[in-house]
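Structure first, commentary second.
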Amino acid sequence: YHAQRIGFSGIKTSMKNEAGFTKIRLGTMDMFYLFAYAFGQFVCGRAADLLSPKRALCFGMVICAALTTIEGCMGAAGIRGDDAGYVVWTLIRSVEGLVQATGWTSTVAIMGNWFPEDARGAVLGAWSSNANIGDIFGLHLGAFMLGSGRPWYAVLWAFGLIGFSMAIVNMLLLREAPHARSLDWQVEAAAVDNPNINDDIDDIDDAAGASAAASTKNEKSERVASFGEVLRIPGLLQYSVCYMFLKLVNYALFLWLPFYLKEGIGMKQSAAATMATMFDWGFIVGGFSAGLISDWTTRWARVPMRSPVVSIFLLLALLPLSVLRLSSSTTVISWMIFCSGVLQGGPAEALTSAVSVDMGKHPCLNGARATSTCTGVIDGIGAVGAAVGQFFVGMISEKFGWQAVFLFLIGSLAVSFALSLLRLRQELSVAREARSKAGVEALDMTDSEASDESD
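For any residue, its number in our numbering is found by taking its place in the sequence shown, counting from 1, and adding 42.
So, in structure tokens, the structure goes:
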């Protein structure tokens with residue numbers, strides 16, 4: 043999914059020089075793509091909960107591969123961006139954005155089934171790097187093909203072939219969830235919810251197995267939470283709006299860095315694409331680091347608590363973005379791109395993976411399936427910001443230059459940080475209550491044990 047998505051940004055300069063696209067038209071096309079992606083998050087997330095995350099995922103991969111192949115054929119046929127062909131390009135890209143939404147909503151739900159609450163931050167943070175590895179692979183493959191003299195539309199054909207291949211792999215090998223009580227953490231969770239369940243897995247009857255499956259929330263529930271129930275989950279909309287401004291900044295850098303480094307700094311196209319991958323390498327480091335720290339805060343709070351790492355990372359992220367606005371040194375720019383990736387990638391990966399799973403398994407849902415829908419809401423609202431950002435980046439860079447673009451991005455990141463503080467305050471309050479309750483229970487248990495010994 044991400045290799046296809048980022049591969050398109052790697053050929054933007056070629057599309058501008060050879061196919062008649064302007065910066066504003068490229069930005070507008072990205073805007074329609076991301077608006078469709080945002081809408082698709084709600085639709086595809088809901089469909090994955092109602093049907094099956096695996097089915098939604100494989101269907102989406104096949105359609106995305108087909109659309110990317112069609113785009114390559116359009117380029118080969120000479121359908122340009124400075125005539126009526128632009129409408130066709132925008133339409134195809136919009137449909138692709140809609141179907142691309144099947145990826146994250148489905149895979150986050152599947153991954154959330156395999157790991158417990160107090161460990162999923164680091165695991166999902168590390169797993170989320172698959173998106174950035176896809177970006178790195180996509181940019182390097184595109185740069186290699188362009189550097190070897192291949193036409194820009196051949197890059198799209200390559201991604202289409204890869205997409206078809208991976209769809210077949212997932213159809214054959216992907217498993218949605220573990221069996222009930224087949225993992226140690228499932229047994230421990232079931233024992234907490236129902237101490238009377240026999241610890242010997244071989245002796246569990248069907249009823250006990252069903253109870254264990256429900257208590258560990260393995261997404262096999264027959265009931266799907268309504269959309270209204272999902273929207274009422276505490277903190278969901280706050281996290282979503284915070285992510286909207288963050289994703290605006292992230293996607294501006296994801297989709298425009300190669301173009302900026304080529305047009306604004308004067309680097310060669312292949313070198314610009316390679317340097318842009320520093321943002322993805324930073325994302326990988328930041329995603330795992332933020333996930334690990336959020337697991338520590340969750341264990342300390344005794345309830346899911348991800349907002350401290352989100353707020354701290356967002357505050358620190360303002361610094362490298364400010365340096366990027368002022369520096370023209372390629373060495374400094376390279377390191378600032380990496381630091382931006384670390385500090386923006388940490389909260390982004392936390393919000394779209396661990397937080398989404400936490401929300402989808404919130405106690406207020408009473409075990410109803412909602413993980414894909416929650417993921418779709420957070421990522422979908424975030425994609426609205428990303429879509430608007432693409433239009434403004436293209437327009438601002440055309441009329442006011444790249445320094446004005448970075449000023450716009452700094453302001454958006456500052457808004458995201460300010461919004462994160464609202465959720466931080468609420469989570470700290472909930473954590474104090476949870477720790478206080480846990481302390482009282484521990485004291486009662488100690489008193490009970492002392493009483494038993496005296497008797």
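No residue lacks a Cβ here, since even glycine has one placed at the ideal position from N, Cα and C.
Residue i in three-state terms, based on DSSP
i    : result
R274 : coil
A219 : coil
F157 : coil
M347 : coil
Y43  : coil
R67  : helix
L279 : helix
S371 : coil
M32  : Outside the displayed range of the chain (43 to 497) lies residue 32, so it cannot be described from this structure.
A61  : coil
A294 : helix
I53  : coil
A143 : coil
Per DSSP, cross-strand counterpart(s) of residue i
i    : result
V266 : R411
8 Å contact criterion, which residue i and residue j should meet: CB distance rounded
i    : j    : result
Y75  : G139 : 4 Å
T110 : G205 : 6 Å
L188 : Q311 : 6 Å
F355 : G328 : 7 Å
L383 : L290 : Per the sequence shown, residue 383 should be read as Gly rather than Leu. Contact doesn't hold; Cβ gap of about 16 Å is too wide.
G114 : Y195 : 5 Å
L461 : V283 : 6 Å
F450 : F434 : 6 Å
F380 : W323 : 6 Å
A267 : A412 : 4 Å
G180 : Q468 : G180 to Q468, Cβ: 38 Å. No contact.
C416 : I275 : 7 Å
R465 : Q280 : 5 Å
T319 : H182 : 7 Å
G102 : V141 : 5 Å
L361 : F321 : Actually they are not in contact, since the Cβ atoms of L361 and F321 sit about 15 Å apart, beyond 8 Å.
I423 : Y285 : 7 Å
M73  : A429 : 5 Å
N212 : C100 : 5 Å
Contacts around residue i, its chain only, beta-carbon distance under 8 Å, and the 5 residues preceding and following it disregarded
i    : result
V351 : A332, I335, S336, T339, G388, P389, A392
S369 : I375, M378
T372 : I307, M309, M317
L455 : F287, L288, V291, L356, A359, L360, L363, Q386
Beta-carbon contacts of residue i that lie in its chain and below 6 Å, excluding the five residues immediately before and after
i    : result
K304 : T55, Q311, A314
D400 : P346
R367 : Q445, F448
G402 : A412, T413, C416
F459 : L356, L357
V104 : A209
Nonlocal neighbours in the same chain, by C-beta distance under 7 Å from residue i, ignoring five residues either side
i    : result
A90  : A98, T147, S148, A151, S414
R122 : A61, G62
M153 : L166, W169
E440 : K65, I66
W444 : Y302, G306
M71  : W131, T132, R135
A425 : L76, Y79, A80, Q83, K289
P95  : S148, A151, I152, E218, S414
L92  : V266
S364 : I452
L214 : none
A473 : A343, V345, M347
G184 : G49, G52, I53, V197, A315
Any alpha helix (DSSP H) of 4 or more consecutive residues that is wholly inside the stretch 392-457: Uninterrupted alpha helix (DSSP H) stretches at least 4 residues long and entirely within the stretch 392-457 occur at 397-402, 413-441, given in chain order.
Those runs of the alpha helix (DSSP H) which lie wholly inside the stretch 92-132 and span at least 4 residues: Segments of the alpha helix (DSSP H) lying fully in the stretch 92-132: 95-118.
Inside the stretch 156-211 only - alpha helix (DSSP H) runs reaching at least 4 residues: Taking only runs of at least 4 residues, the alpha helix (DSSP H) segments lying wholly in the stretch 156-211 are 162-169, 171-189.
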